[in-house]
Amino acid sequence: AAGQGGERDDDALLANTVVWCILESSAAETLNEFYKRVTYAEDAVQVWFEAAVVPALLRVTQRDGACRRSDYLREIIAGAEEHKAEGNTRFKEGRLGEAETSYALALRMVEHFFDVARGAHVFPATRDLAVACHLNTAACALKTPGREEAAIQQCSYALALEPENAKALFRRGKAFLASKAQDVGGTNDADYKERKDLPPRQVLVSWAVRDLQRAQTGCPGDSSIAAALKEASAEARSLARAHALQSPALAEA
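The opening residue of the sequence shown carries number 3 in our numbering; numbering runs sequentially from there.
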């Protein structure tokens, strides 16, 4: 009888936790929208359950005491922080692919607190975690030659959440500088010779200067940003002079 009572208590705790999970998740949207998401997006719900709900359930049910409403959010953030910390360790050890996997897991745990209608996270803590993981993923990509586009994308995700983040602007500027440009006859790189989707070098450098100037505004004393901006500005001036010399009007003169 005692065993049956304990099982009933565990079942009740589990049920209460699931209810709070659903309530917490639906806080980012109207109940009607949440219902449609659960009904019509089975894959998304499965990911949500595996990456967010299950870890929270395991943690909460292993602790003594009643389930509280704040348990779910706290456990999700704790789990995501663990994945991020694991990613940081792997990054320092040079295991970049594994580090990116850890950051991706952390992002999956907090992405369901993003309110699409408002274009923002419901909770500042999940937003900060998402920004950090996007930036760390960008850092991994920047250390891998040929993955500059991935770094740019991750920095852009971070800037969508925090538009004036100096670190995101700095890393995106660095990625623009390191990116391959559209071939204009001056390179023998076969992998990029036919890449007409790539912008000309002048455009990439101008984007780099723009981002690095914004980053410097946010962190005026940062020597790394200043050095990168100096490099980008010098190349921009060099490209402008070369373009002016190749101008048909100037050539005729």
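Just so you know, even glycine gets a beta-carbon here, dropped at the ideal spot from N, CA and C.
The alpha helix (DSSP H) enclosing F178, as first and last residue numbers:
168-180
Is it the case that the stretch 201-212 contacts the stretch 235-242, given that we only count it when at least three CB pairs across the two stretches are under 8 Å?
yes
Pair within 9 Å by beta-carbon distance, A140 and C157:
yes
If you compare alpha carbons, which of A106, L163, A170 is closest to G81?
A106
Any idea if D117 is buried or exposed, counting beta-carbon neighbours within 10 angstroms, 16 or more meaning buried?
exposed
Relative to the C-alpha of P201, which residue among L163, D213, E151, R216 is closest?
E151
Opening and closing residue of the alpha helix (DSSP H) in which L160 lies
According to the sequence provided, residue 160 is Ala. The question's Leu does not apply to it. Where A160 is concerned, the enclosing alpha helix (DSSP H) stretches over 150-163.
As assigned by DSSP and simplified to three states, the class of F116:
strand
To the nearest angstrom, how far is the alpha carbon of R110 from that of P222?
34 Å
Between the C-alpha atoms of G148 and R97, what's the straight-line distance to the nearest angstrom?
17 Å
A122 bridges to which residues according to DSSP?
D117
Within its chain, find whatever has a CB closer than 7 Å to the CB of A160; leave out the 5 residues flanking it on each side and keep chain order.
V133, H136, L137, N167, A170
On the criterion of 16 or more Cβ atoms from any shown chain inside 10 Å, does L231 qualify as buried, or is it exposed?
buried
Considering just the uninterrupted stretch of the alpha helix (DSSP H) at T219, what are its terminal residues?
203-220
F93 versus A177: straight-line alpha-carbon distance, rounded
18 Å
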